[in-house]
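Undergrad: If you scroll down you'll find the structure; I have some questions about it.
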Amino acid sequence: MNEGKDMQVRCAFFYLTILYCVIFLLWPTYTQGVEIQVMDWIGQDQVSDANLREVDKVLEYTLYYYKLALEGTQTIRIRVKLEPLETTTLARGTFRPWPDISSDEWWPSPLLIQVLDRDVLQPDEPHATVSINSTIINNGEFDFSLSPTISINKNGLLSTLLHEFGHCLGFINLMRYDGIWFDYAGHQRIDRHSKNLSVFEAFPVFTPLADLTPSNRAAALTSDELYWSGSHVSTAGRFLLNDPAIHRPSFYAQVFAPYLPPPLLVHNNASHWDPSHNPRQLMAPYNLGNLNKLGLLLPAFVDMGWTTNYVTVLPPAVPIETTSNKSETQQSVDITNTQAVNTTVTLSITGPHASEFSAENVPGNLTLQPWQTATIPVSGAPVSWGYKTATLLAQYSTGISQVIKVKLDMYSIGVDTDEDGISDYDETRTLPGGPNPFNAQEEDSTGDNGEMTSDGVDDGRNDFDGDGMVNMDEFIFGYDPLNPDMFGVRTSQDTDGDGLLDRDEAGDASHTFDPYTGDSSGDFFYDDPDGIPDGQNDYDGDGYTNAFEFRWGSNPFVWDEHVQVPASSSSTILLGILSVVWLGSVFLARPGRNKQAGMTAYIPLKCIYRRFSR
Numbered sequence: 001m002n003e004g005k006d007m008q009v010r011c012a013f014f015y016l017t018i019l020y021c022v023i024f025l026l027w028p029t030y031t032q033g034v035e036i037q038v039m040d041w042i043g044q045d046q047v048s049d050a051n052l053r054e055v056d057k058v059l060e061y062t063l064y065y066y067k068l069a070l071e072g073t074q075t076i077r078i079r080v081k082l083e084p085l086e087t088t089t090l091a092r093g094t095f096r097p098w099p100d101i102s103s104d105e106w107w108p109s110p111l112l113i114q115v116l117d118r119d120v121l122q123p124d125e126p127h128a129t130v131s132i133n134s135t136i137i138n139n140g141e142f143d144f145s146l147s148p149t150i151s152i153n154k155n156g157l158l159s160t161l162l163h164e165f166g167h168c169l170g171f172i173n174l175m176r177y178d179g180i181w182f183d184y185a186g187h188q189r190i191d192r193h194s195k196n197l198s199v200f201e202a203f204p205v206f207t208p209l210a211d212l213t214p215s216n217r218a219a220a221l222t223s224d225e226l227y228w229s230g231s232h233v234s235t236a237g238r239f240l241l242n243d244p245a246i247h248r249p250s251f252y253a254q255v256f257a258p259y260l261p262p263p264l265l266v267h268n269n270a271s272h273w274d275p276s277h278n279p280r281q282l283m284a285p286y287n288l289g290n291l292n293k294l295g296l297l298l299p300a301f302v303d304m305g306w307t308t309n310y311v312t313v314l315p316p317a318v319p320i321e322t323t324s325n326k327s328e329t330q331q332s333v334d335i336t337n338t339q340a341v342n343t344t345v346t347l348s349i350t351g352p353h354a355s356e357f358s359a360e361n362v363p364g365n366l367t368l369q370p371w372q373t374a375t376i377p378v379s380g381a382p383v384s385w386g387y388k389t390a391t392l393l394a395q396y397s398t399g400i401s402q403v404i405k406v407k408l409d410m411y412s413i414g415v416d417t418d419e420d421g422i423s424d425y426d427e428t429r430t431l432p433g434g435p436n437p438f439n440a441q442e443e444d445s446t447g448d449n450g451e452m453t454s455d456g457v458d459d460g461r462n463d464f465d466g467d468g469m470v471n472m473d474e475f476i477f478g479y480d481p482l483n484p485d486m487f488g489v490r491t492s493q494d495t496d497g498d499g500l501l502d503r504d505e506a507g508d509a510s511h512t513f514d515p516y517t518g519d520s521s522g523d524f525f526y527d528d529p530d531g532i533p534d535g536q537n538d539y540d541g542d543g544y545t546n547a548f549e550f551r552w553g554s555n556p557f558v559w560d561e562h563v564q565v566p567a568s569s570s571s572t573i574l575l576g577i578l579s580v581v582w583l584g585s586v587f588l589a590r591p592g593r594n595k596q597a598g599m600t601a602y603i604p605l606k607c608i609y610r611r612f613s614r
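Laid out in structure tokens, this is it:
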């Protein structure tokens, strides 16, 4: 009887320990920003593998952008569709309207679930949907880069997705062209967007759109006198001294509401900032070019009910690329003060390659006005080739000292004549996996999966051997771009993806291992690359892989006849579970397609550990 109770206590303690650990590990997710999750992809087979990978890269950064800017405890589910749309439509973003429980308003469900702190939809229902024009993708009309500048005669996919996600999160007006509110199941309710709109009638009178009759609301759409009258946008407008679309002295921001008769426009188009805003705004019509900053959208979100982080710091979208035949590709860090008071941010750079990075006015202090975004140019001056990394620290105070850490990274390669992200040396040298298929004079000479013709994607961003790691990463981290069994799985704790944590490789006093080179040694004290990721090797030749020895606290440089795993205890069991989780991240393979379900699947790696134990 006592043994049974003791077992119950042990089990309870075991599960409580796991629960505590899970809560501890996941807690930063809720304090760092809202979680936005792609619940499914539809139409993946509408575009090529290479283009799908590029779309996924831009989509991932877009979600990260909004996660940093907004706060919330509830996960937002997004459905992504790749489908043919009208020739003039790059993409379309919509949310699921939902009535507030206590009022007669339509809410965007991504916002309402944060306010209520509970989901209002079923787990299999998306809160919002983004459709991307697959025809424009296939015609090569999208620029997939994450750079502030885009190719001539192309549309920036990043700007497009940031814009459409702005609609998904609530920046949509649900009033019809005739002034009637959105009607669903016989219910007509004003929406959160419309509640922030007012019509300028005669100085200094602004009339809330909600107070007008339907006919007068319809007239307001064609008057060019419709403004966003929320208090946070008005506060931001006070500091836009040269913006002609900011009304003075109210500091309201003009919105764009062109009129087209049905069926061309069933609903009005007041869900955009007016084109005359200067600086231009992300939620303006797309014909204004590439816009990658939230600008007035952020205070507009707060007017609608969103909460934001005190200071938002957006890291560079892509690594800095430096070559010996051109100046570095400059990137930037955007810092936004989302409060109604001035905020001072102290900036500095630290880390293993800090001296090889520079940023404007860093180290130093930056004072931001309310809702101001400062762009800090970041560049690199590497002293050697390879991958470089550092951390930009942004410190400020809310009464309590706060520190935001921003990762900086750089790909330093030799001469790159065609600027495809692969050096001329790597595109012309002999490769261990077979004849070198790349061309130093052509930026797009190959495709994915052994394709020897161009596919519209630069060679550096292709995956020639189809192992899930793009060519430029395979070269920079020391893998074989022709061998599908020789690649890394990069994570935030394992930069080179070799299965060894950065902290273990950096703490190696003998410098046998390198956190930025995936293949730096071999077996039996062999100190040259051997074509196998370092985590899978057995440097001391005792039958235990380097990754196994680091994980269990034994010495990968000393031959051990027996590696002792600690006896079972609650803490050891927990460590074991976490180790399995960690090893599972290594076993995650390259992303593949589940065409039938339209979702991303994962295919196991072809080679993991040659020996897990003796």
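Residue numbers (this note's numbering): 1 to 614. The beta carbon of each residue, even a glycine, is placed where N, CA and C say it ideally should be.
1. Could you give the distance in angstroms between the alpha-carbon of D530 and the alpha-carbon of D502?
2. Can you name, in chain order, every residue of its own chain whose Cβ lies under 7 Å from the Cβ of M452, other than the five neighbours on each side?
3. When we look at the beta-carbon of N242 and count the other beta-carbons within 10 Å, is it buried (16 or more) or exposed?
4. Near R96, what residues of its chain come up, given a Cβ to Cβ distance below 6 Å and the 5 sequence neighbours on each side ignored?
5. Within this structure, are the beta carbons of L282 and H193 separated by less than 7 Å?
6. Buried or exposed: which applies to F525, given that a residue is buried once 16 or more other Cβ atoms fall within 10 Å of its Cβ?
7. Cβ atoms of S276 and A245: under 7 Å apart, would you say?
8. Pairing CB atoms from the region 209-221 with CB atoms from the region 172-191, are three or more of them under 8 Å?
9. Whose C-alpha, out of G140, N139, T129 and F182, is nearest the C-alpha of L161?
10. Taking A317 as the reference, which of L52, I376, N555 and S355 has the closest Cα?
11. Could you tell me the distance, in whole angstroms, from the CA atom of A69 to the CA atom of N309?
12. Measuring only the C-alpha atoms, how far is P285 from D56?
13. Got a sec, what are the start and stop residues for the beta strand (DSSP E) S397 sits in?
14. Using the C-alpha atoms, what's the distance from S145 back to A91?
15. Just to confirm my understanding: we take D465, look at its own chain, exclude 5 residues before and 5 after, and list those with CB closer than 7 Å. What are they?
16. When burial is assigned at 16 or more other CB atoms within 10 Å of the CB, is I132 buried or exposed?
17. What did DSSP end up calling N537 once you bin it into helix, strand or coil?
18. Any idea if N139 is buried or exposed, counting beta-carbon neighbours within 10 angstroms, 16 or more meaning buried?
19. Go ahead and label I413 buried or exposed: buried means 16 or more other beta carbons lie within 10 angstroms of its beta carbon, across all protein chains shown.
20. Rounded to the nearest angstrom, what separates G468 and A257 at their Cα positions?
21. Please report the residue range of the alpha helix (DSSP H) in which Q331 lies.
22. Output needed for G456: all residues of its chain with C-beta closer than 6 Å, excluding positions within five of it in sequence on either side, in chain order.
23. Can you list, in chain order, the residues of its chain whose CB lies under 6 Å from that of Q331, leaving out five sequence neighbours each side?
24. Report back the beta-carbon spacing between L368 and N342 to the nearest angstrom; my notes put them in contact at under 8 Å.
25. If we count the other Cβ atoms within 10 Å of its Cβ and call it buried at 16 or more, is D409 buried or exposed?
26. Compute the distance between the beta-carbons of L291 and S159, then report whether it is under 7 Å.
27. From W552 to G434, what distance separates their C-alpha atoms?
28. Work out the CA separation of T312 and Q402 for me, nearest whole Å.
29. Taking the straight line between their C-alpha atoms, what separation do you get for P148 and G237?
30. Leaving out five residues on either side along the sequence, give the residues of the same chain with a beta carbon under 6 Å from the beta carbon of S454.
31. Determine the extent of the beta strand (DSSP E) in which W107 is found, giving its start and end residues.
32. With distance defined between alpha-carbon atoms, name the residue in D494, I76 and R280 nearest to G170.
33. In the DSSP assignment, the beta strand (DSSP E) including P377 goes from what residue to what residue?
34. How many Å lie between P214 and S271 at the Cα?
35. Quick one: grab the DSSP three-state call for L501.
36. Going by C-alpha distance, which of P249, S223 and S231 is nearest V255?
TA: Well, looking at it:
1. Along the sequence shown, read from residue 1 onward, the residue named residue 530 stands at position 530. Along the sequence shown, read from residue 1 onward, the residue named residue 502 stands at position 502. Distance between the alpha carbons of D530 and D502 is about 20 Å.
2. Taking the first residue of the sequence shown as position 1, residue 452 is located at position 452. The residues are P437 and T446.
3. What you label residue 242 is simply residue 242 of the sequence shown in a count that begins at 1. The residue in question, N242, is exposed, as its Cβ has fewer than 16 Cβ neighbours within 10 Å.
4. Locating residue 96 in the sequence shown gives position 96, where the first residue counts as 1. Here the set comprises S109 and H127.
5. Here the question's residue 282 lines up with position 282 in the sequence shown. Here the question's residue 193 lines up with position 193 in the sequence shown. Going by C-beta atoms, L282 is not nearer than 7 Å to H193.
6. The sequence position of residue 525 within the sequence shown is 525, counting from 1. It is exposed - the Cβ of F525 has fewer than 16 other Cβ atoms within 10 Å.
7. Translated into the one-based positions of the sequence shown, residue 245 becomes position 245. Translated into the one-based positions of the sequence shown, residue 276 becomes position 276. Taking 7 Å as the Cβ cut-off, A245 and S276 qualify as a contacting pair.
8. yes
9. Mapped onto the sequence shown, residue 161 falls at position 161. Per the Cα distances, T129.
10. Position 317 of the sequence shown, counting from 1, holds the residue named residue 317. Looking at the Cα atoms, I376 is the closest of the given residues.
11. Taking the sequence shown and counting its residues from 1, one reaches residue 69 at position 69. Taking the sequence shown and counting its residues from 1, one reaches residue 309 at position 309. When rounded, the distance between both Cα atoms is 6 Å.
12. Walking along the sequence shown from the start, residue 285 turns up at place 285. Walking along the sequence shown from the start, residue 56 turns up at place 56. Their Cα atoms are separated by approximately 24 Å.
13. As a first step, residue 397 must be located in the sequence shown, where it is residue number 397. Unbroken beta strand (DSSP E) run through S397: G386 to S397.
14. To locate residue 91, count along the sequence shown from 1; it is residue 91. To locate residue 145, count along the sequence shown from 1; it is residue 145. Distance between the alpha carbons of A91 and S145: 17 Å.
15. By one-based count along the sequence shown, residue 465 stands at place 465. Closer than 7 Å at Cβ, skipping near neighbours: P481, L482, N483 and P484.
16. Numbered from its first residue, the sequence shown carries residue 132 at position 132. Buried, because 16 or more other Cβ atoms sit within 10 Å of the Cβ of I132.
17. Here the question's residue 537 lines up with position 537 in the sequence shown. Here N537 sits in coil by DSSP.
18. In the sequence shown, counting from the first residue as 1, residue 139 sits at position 139. By the 10 Å Cβ count, N139 comes out exposed.
19. Taking the first residue of the sequence shown as 1, we reach residue 413 at position 413. Buried, since its Cβ has 16 or more Cβ neighbours within 10 Å.
20. Indexing the sequence shown from 1 puts residue 468 at position 468. Indexing the sequence shown from 1 puts residue 257 at position 257. Computed Cα separation, rounded: 45 Å.
21. Residue mapping note: residue 331 aligns to position 331 of the sequence shown, counting from 1. Unbroken run through Q331 is the beta strand (DSSP E), Q331 to N337; no alpha helix (DSSP H).
22. In the sequence shown, counting from the first residue as 1, residue 456 sits at position 456. Taken in chain order, the residues that qualify are G140.
23. Start at 1 with the first residue of the sequence shown, and residue 331 comes out as number 331. Correct list, in chain order: P316, I320 and V378.
24. By 1-based counting over the sequence shown, the position of residue 368 is 368. By 1-based counting over the sequence shown, the position of residue 342 is 342. Yes, L368 and N342 are in contact; Cβ-Cβ is about 7 Å, under 8 Å.
25. Here residue 409 is taken as the residue at index 409 of the sequence shown, counted from 1. D409 is buried by the Cβ-count criterion.
26. Along the sequence shown, one-based indexing puts residue 291 at 291. Along the sequence shown, one-based indexing puts residue 159 at 159. Cβ distance < 7 Å, so L291 and S159 count as in contact.
27. Counted from its first residue, the sequence shown places residue 552 at position 552. Counted from its first residue, the sequence shown places residue 434 at position 434. Roughly 37 Å between the two C-alpha positions.
28. Counted from its first residue, the sequence shown places residue 402 at position 402. Counted from its first residue, the sequence shown places residue 312 at position 312. Between Q402 and T312, the C-alpha separation is close to 12 Å.
29. For this step, residue 148 is matched to residue 148 along the sequence shown. For this step, residue 237 is matched to residue 237 along the sequence shown. Rounded to the nearest angstrom, the two C-alpha atoms are 24 Å apart.
30. Here residue 454 corresponds to residue number 454 of the sequence shown, with the count starting at 1. Excluding positions up to five away in sequence, the list reads D444.
31. Here residue 107 refers to the residue found at position 107 of the sequence shown. Taken as a continuous stretch (DSSP letters only), the beta strand (DSSP E) holding W107 covers E105 to P108.
32. Start at 1 with the first residue of the sequence shown, and residue 170 comes out as number 170. When each option's Cα is compared against that of G170, the closest is I76.
33. Along the sequence shown, read from residue 1 onward, the residue named residue 377 stands at position 377. Run containing P377: T373 to G380, per the beta strand (DSSP E) assignment.
34. Looking up residue 214 in the sequence shown gives position 214. Looking up residue 271 in the sequence shown gives position 271. Taking the straight line from one Cα to the other gives about 18 Å.
35. On the sequence shown, position 501 is the one that residue 501 refers to. Here L501 sits in coil by DSSP.
36. Taking the first residue of the sequence shown as 1, we reach residue 255 at position 255. With distances taken between Cα atoms, V255 lies closest to S223.
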